[in-house]
Amino acid sequence: MNFSRFNRVNTMSVQDKRLAFPLSVPTLPIEGHTELFPIRRIWCVGQNYAAHSREMGSNPDRDPPFFFSKPADAVTQAETLVFPPQTDNLHPEVELVVAIGAKGANLTPADAEHIIYGYAVGLDMTRRDIQAIAKKTGRPWSLAKGFDESCPISSIRQKRDVPNIANSEITLKVNGEIRQSGKISDMIWSIQEIISYLSKSVTLSAGDLIMTGTPAGVSRIVSGDKLEACCENIGTLTLSYQ
452 MNFSRFNRVN TMSVQDKRLA FPLSVPTLPI EGHTELFPIR RIWCVGQNYA
502 AHSREMGSNP DRDPPFFFSK PADAVTQAET LVFPPQTDNL HPEVELVVAI
552 GAKGANLTPA DAEHIIYGYA VGLDMTRRDI QAIAKKTGRP WSLAKGFDES
602 CPISSIRQKR DVPNIANSEI TLKVNGEIRQ SGKISDMIWS IQEIISYLSK
652 SVTLSAGDLI MTGTPAGVSR IVSGDKLEAC CENIGTLTLS YQ
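Its first residue numbered 452, the sequence shown is counted upward by one per residue in our numbering.
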């Protein structure tokens with residue numbers, strides 16, 4: 452295991468004589484365990500809280516959820532981050548992160564429950580100015596959502612250690628003031644419904660992470676701001692930008 456100087460998250464090196472060079476697999480710590488959770492893919496649900504959907508100018512009705520992705524090496528657990536380039540409008544979005552622990556495709560919501568490994572709290576960092584241009588021109592969001600260190604995530608807490616996740620409160624404080632607040636039960640689509648929908652388009656596997664949407668209150672931060680993301684019964688993530 453080594454320590455990446457780029458995203459400052461634990462990685463495990465995959466070495467095989469047939470590889471042209473060693474491959475580093477990003478990982479997250481599992482609370483209370485020495486084992487690490489290897490990250491395979493990161494899927495993100497867009498506008499899954501009604502109030503946030505309205506503030507983004509969209510319809511909060513239960514239309515089918517839509518998804519975008521982030522690269523696995525966008526994950527970071529650094530406490531101090533460098534303000535990203537090519538943006539003057541950086542937005543943090545606090546989200547519940549669902550860690551998948553088994554393979555599944557074409558799942559019902561009831562079946563989806565069985566492939567959940569655990570939960571974490573994360574931030575979907577977004578270069579909103581770049582995203583706005585992409586939306587206007589009909590282009591992909593990749594550079595707005597998948598840049599370096601765009602996915603701070605806490606340690607994973609196993610599902611068996613999380614009581615009553617639906618009633619958990621999720622919040623984001625910026626410089627000590629609450630900017631976002633909601634409950635997991637406020638989601639338009641539940642955790643199980645999200646997994647079920649996604650599993651009908653792609654086969655989910657152990658190591659996948661799903662970011663489940665963000666409450667209302669998303670707005671700009673600047674260099675020097677301190678962020679505290681918290682999900683009740685899950686954990687807290689603190690960081691600042693320089």
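Even for Gly, the Cβ is constructed at its ideal location relative to N, Cα and C.
Residue of the options minimising C-alpha distance to residue i
i              : options                        : result
glycine 627    : Gly686, Ala471, Leu678, Gln693 : Leu678
alanine 501    : Thr462, Ser641, Ala550, Gly483 : Ser641
serine 711     : Cys495, Ala556, Phe534         : Outside the modelled stretch of the chain, which goes from 452 to 693, sits residue 711, for which no answer is possible.
isoleucine 581 : Asp467, Asp539, Gly497         : Asp539
leucine 479    : Arg469, Phe518, Cys681, Ile551 : Ile551
serine 656     : Ser691, Pro516, Asp562, Lys554 : Lys554
alanine 577    : Lys521, Lys587, Asn499         : Just to set this straight, residue 577 is threonine in the shown sequence, not alanine. For the residues Lys521, Lys587, Asn499, the minimum Cα distance to threonine 577 belongs to Lys521.
tyrosine 692   : Ala563, Arg513, Glu530, Pro516 : Glu530
threonine 689  : Ser464, Thr665, Pro603, Asp612 : Pro603
alanine 595    : Gly589, Lys587, Pro477, Arg579 : Arg579
serine 650     : Arg611, Gly573, Pro516         : Pro516
glutamate 564  : Glu644, Ala471, Ser464         : Glu644
glutamate 482  : Arg469, Asn499, Ala585, Asp612 : Asp612
asparagine 499 : Arg590, Ser636, Asp676, Cys681 : Ser636
valine 496     : Thr654, Ser593, Phe519         : Phe519
alanine 680    : Ser674, Ser632, Val673, Phe472 : Ser632
aspartate 575  : Ala561, Ala585, Lys586, Trp592 : Trp592
valine 549     : Gly664, Asp676, Ser674, Val673 : Gly664
Close-in-space but distant-in-sequence residues of the same chain around residue i (CB under 8 angstroms, 5 per side omitted)
i             : result
threonine 559 : Ser647
lysine 634    : Ala617, Asn618, Ser619, Glu620, Ile621
aspartate 467 : none
proline 614   : Asn684
arginine 513  : Ile639, Trp640
alanine 525   : Asn458, Ile493, Gly597, Phe598, Asp599, Glu600, Ser601, Cys602
Cβ neighbours of residue i in the same chain (closer than 6 angstroms, five flanking residues each side left out)
i                 : result
arginine 630      : Leu623, Gly668
glutamate 683     : Ser619, Glu620
phenylalanine 598 : Pro535
isoleucine 685    : Tyr570, Val572, Arg608
Identity of the residues DSSP links to residue i by a beta bridge
i             : result
alanine 550   : Gly569, Leu660
leucine 541   : Arg578, Ile672
alanine 532   : It is worth fixing the name first, because residue 532 is leucine in this sequence and not alanine. DSSP lists Tyr692 as partners of leucine 532.
glutamate 620 : Lys634
lysine 521    : Ile493
lysine 677    : Ser691
Under the three-state DSSP convention, the category residue i falls into
i              : result
alanine 471    : coil
proline 489    : strand
isoleucine 685 : coil
serine 670     : coil
tyrosine 692   : strand
asparagine 499 : coil
threonine 588  : helix
isoleucine 604 : strand
glutamate 644  : helix
Cβ-based neighbour list, residue i, same chain, cut-off 7 angstroms, excluding 5 preceding and 5 following
i           : result
serine 455  : Low confidence applies here, because serine 455 scores a pLDDT of 36, under 50, leaving its location unreliable and the question unanswered by this model.
glycine 523 : In the sequence as presented, glycine is not what sits at residue 523; that position holds alanine. Excluding positions up to five away in sequence, the list reads Pro477, Ile490, Arg491, Arg492, Ile493.
Requested in this report: May I ask you to verify whether the region 668-684 touches the region 539-554, counting CB pairs closer than 8 angstroms and requiring at least 3?
Outcome: yes
Query raised in the report: Should the region 656-665 be called in touch with the region 486-498, which here means at least 3 C-beta pairs below 8 angstroms?
Result: yes
Query raised in the report: So does the region 600-609 actually touch the region 569-580, counting three or more Cβ pairs closer than 8 angstroms?
Result: yes
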